[in-house]
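According to this note's numbering, the sequence shown is numbered sequentially starting from 9. The beta carbon of each residue, even a glycine, is placed where N, CA and C say it ideally should be. Only one structure is covered here, and it is reproduced in the block below.
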Amino acid sequence: MMHDAPAAPPAGSTPALQTPIDLENAAEKKILDAGMRPVDHYVARLSRWRYAFRQALIPVVRYETPYLARLQARFRTPTLDSYFAFTANLGTHTFFMVMLPVLFWCGYTRLGRAMVHLLALGVIISGIIKDLLCLPRPLSPPLQRITMSGSAALEYGFPSTHSTNAISVVVYALYELRTTNELSWGVSTGLQALCWTYGTSIVFGRLYCGMHGFLDVVVGSALGALIAVVQILAGDAFDTWIHDGPILNILLLLTVILAVVRTHPEPADDCPCFDDSVCFAGVLIGVSLAFRHYANGPYSLPHPYPGTTPYSFASLGWPTTLARVALGVLLIFAWRATAKSLLLRTLPPLFRVIELGGADLPRRFFLKASQYDSVPKLRHDDNVLPSAAEVAQLVGDVRRRRGRAVSVGPQSVADAYEALAYRQEQRRKSLSAEPESPRGPTEGLGENEEERERAERREIFRGVEKPRVRYDVEVVTKLIVYAGIGWLAVEVSPVVFELSGLGLGSLHL
């Protein structure tokens, strides 16, 4: 989804150039007009050790660029463009958020909980690393980016969250398939082949589509495999710790999750990774609370796993199964629309009081409640679960684009800074025979050359679509909304199924 361009704060808000976003834009304009090196952008915004890590890895990102361009040029066809652009959606947060509730509603509670753990850890950990190191995606041009998602290009590149999600799911699924005796050899083999195809398509597709480099997908895949191993070794024990342990256990889990959200590193650029992490932190909270409550209630089954939703396809058939899914999805969208609207209206006054007490949680790219009167209607505000209207728009985009959209050139502020830095690096290499001046990058240049560089920078940044203005209340809103979605998926919807006649009706004792 594409983010809206920054909008002016509503009437009555703090005047221009007094908000964090406006100050960032003013500072950026000053940098460009002064002709400073793009690298100074990260020196000023990252701690010394973060900057050192970034500087150690950025040569690898740049070194990969020509090889990625050759790979893309070697294999590209219109058919593969459409295939990899479309299959990339199967590794997104949106796809998994749509599929996870269905697992719970169809009685696959253990698998559903495992997927929540895998995806939440993958999104949160990869998001932390992205915002910590602020490494750009491979340069475009020479690469062309093939994607159906506008928001993906606004994120940093290292590591690849697509690869993390896909490989964690594949490793866990392969382990389960090879250790179960419930499936025939043919079915098990077919599903394993499907897992390998899925993982390969997602990971190689990131390279083919110009969205990631080799380092991104290798580290992302390794992270996903590690998360899967942790789930295999400790997932069931963790569920038992939540289900059978004292209430202190769930309180400790909530404290850890909220602490992770609070300490998420500040990125140098406006990156949506934090928003994605907050959403999945909310899902993890809601699913864990609901699991503990639902598994100890009268509407769930203790077998084959605690908290299993009563379901039998043989008894219910396709019509009832589809009706359950439709009703569950309707409940989720209704909750999301209602809760989000209510929270965005009621939270700002509370946040202003908290801010006066000095207990607010400021973030660089979020307006504080004292800097606006109210939150306007937000469009394209969510990278994880779009609204019902946005789903229809996405379907229309798929038909119009035939599964792909190709872009060339910087798409984010991080892209723009990298494009400038790469061009300067190429110029330095071409002049390597001359000793480098100890003065600044524009000192000693002719007036025409200096003006040319400034014009080049303005041109690069002019084509960058910046994320919209974001508000501090959105963080808590996302936590509550997505915690509610988790609770709806695990407990509320299954109970509604039973009470509405869409369940098995065998537990009303």
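Separation of Asp224 and Val291 (C-alpha to C-alpha, rounded to the nearest whole angstrom) is 26 Å. For Val416, no alpha helix (DSSP H) run applies, since DSSP gives it neither H nor E. Annotated three-state conformation of Leu358 is helix, per DSSP.
Per DSSP, Phe321 has no beta-bridge partner at all. In this chain, the alpha helix (DSSP H) harbouring Gln200 covers 193 to 216. DSSP lists no bridge partner for Phe505.
Rounded to the nearest whole angstrom, the C-alpha separation of Leu496 and Val106 is 13 Å.
Sixteen is the threshold: when 16 or more other Cβ atoms of the shown chains lie within 10 Å of the Cβ of Glu482, as they do, the residue is buried. Non-local beta-carbon contacts of Phe61 in its own chain, meaning distances under 6 Å to residues more than five positions away in sequence, involve Leu141 in chain order. In the structure shown, Leu309 adopts extended strand secondary structure according to DSSP, grouped into three states. Arg435 and Glu464 have their C-alpha atoms spaced approximately 14 Å apart. Secondary-structure assignment with DSSP links Arg478 through a beta bridge to Phe374. A straight-line Cα-Cα distance of about 29 Å links His170 and Leu335. In the pairwise beta carbon analysis, the stretch 170 to 190 is classified as touching the stretch 127 to 139: at least three pairs are separated by under 8 Å.
Residue nearest to Ala77 within the set Ile132, Phe104, Leu54, Pro146 is Pro146 (criterion: CA-CA distance). Contact fails between the stretch 232 to 250 and the stretch 92 to 105, because fewer than three Cβ pairs, one in each stretch, are under 8 Å apart. Runs of the alpha helix (DSSP H) lying entirely within the stretch 247 to 304, each at least 4 residues long, are 255 to 270, 281 to 303 in chain order.
Under the three-pair Cβ rule at 8 Å, the stretch 297 to 313 counts as touching the stretch 491 to 510.
DSSP places Thr316 in the strand class (E or B) of the three-state scheme. Inclusion of Ile340 and Ile493 in the CB contact set at 8 Å is warranted, their separation being smaller than that value. In the structure shown, Arg145 falls within a coil segment according to DSSP collapsed to helix, strand and coil. Excluding its 5 nearest sequence neighbours in each direction, Val472 has C-beta neighbours in its own chain below 8 Å: Pro418, Gln419, Ser420, Val421, Asp423, Ala424, listed in chain order.
Between Leu162 and Leu185, the CB-CB gap reaches or exceeds 8 Å.
Per DSSP, reduced to three states, the secondary structure at Arg84 is coil, with no helix or strand assignment. Rounded to the nearest whole angstrom, the CA to CA distance from Pro314 to Phe282 is 32 Å. Around the CB of Glu426, 16 or more other CB atoms lie within 10 Å, so the residue is classed as buried. Between Gly218 and Leu143, the gap from beta carbon to beta carbon reaches 8 Å or more.
Cβ-Cβ distances below 7 Å link Ile362 to Asp368 in the same chain, with the five nearest sequence neighbours on each side left out; the list follows chain order. Beta bridge pairing from DSSP links Arg153 with Ser415. Contiguous alpha helix (DSSP H) elements confined to the stretch 82 to 126 occur at 86 to 95, 101 to 113, taking only those with 4 or more residues. Ser382 carries a coil assignment under DSSP once its states are collapsed to helix, strand and coil.
With respect to the 8 Å criterion, Phe166 and Ile137 are classified as neighbours on the basis of their beta carbons. A residue is called buried once 16 or more other Cβ atoms fall within 10 Å of its Cβ, and Lys376 is buried on that count.
Note that the stretch 203 to 218 touches the stretch 92 to 102; at least 3 beta-carbon pairs, one per stretch, sit closer than 8 Å.
One Cα belongs to Leu259, the other to Ile250, and the distance between them is close to 10 Å.
Looking at the backbone, the Cα of His272 and that of Ala345 are separated by about 27 Å.
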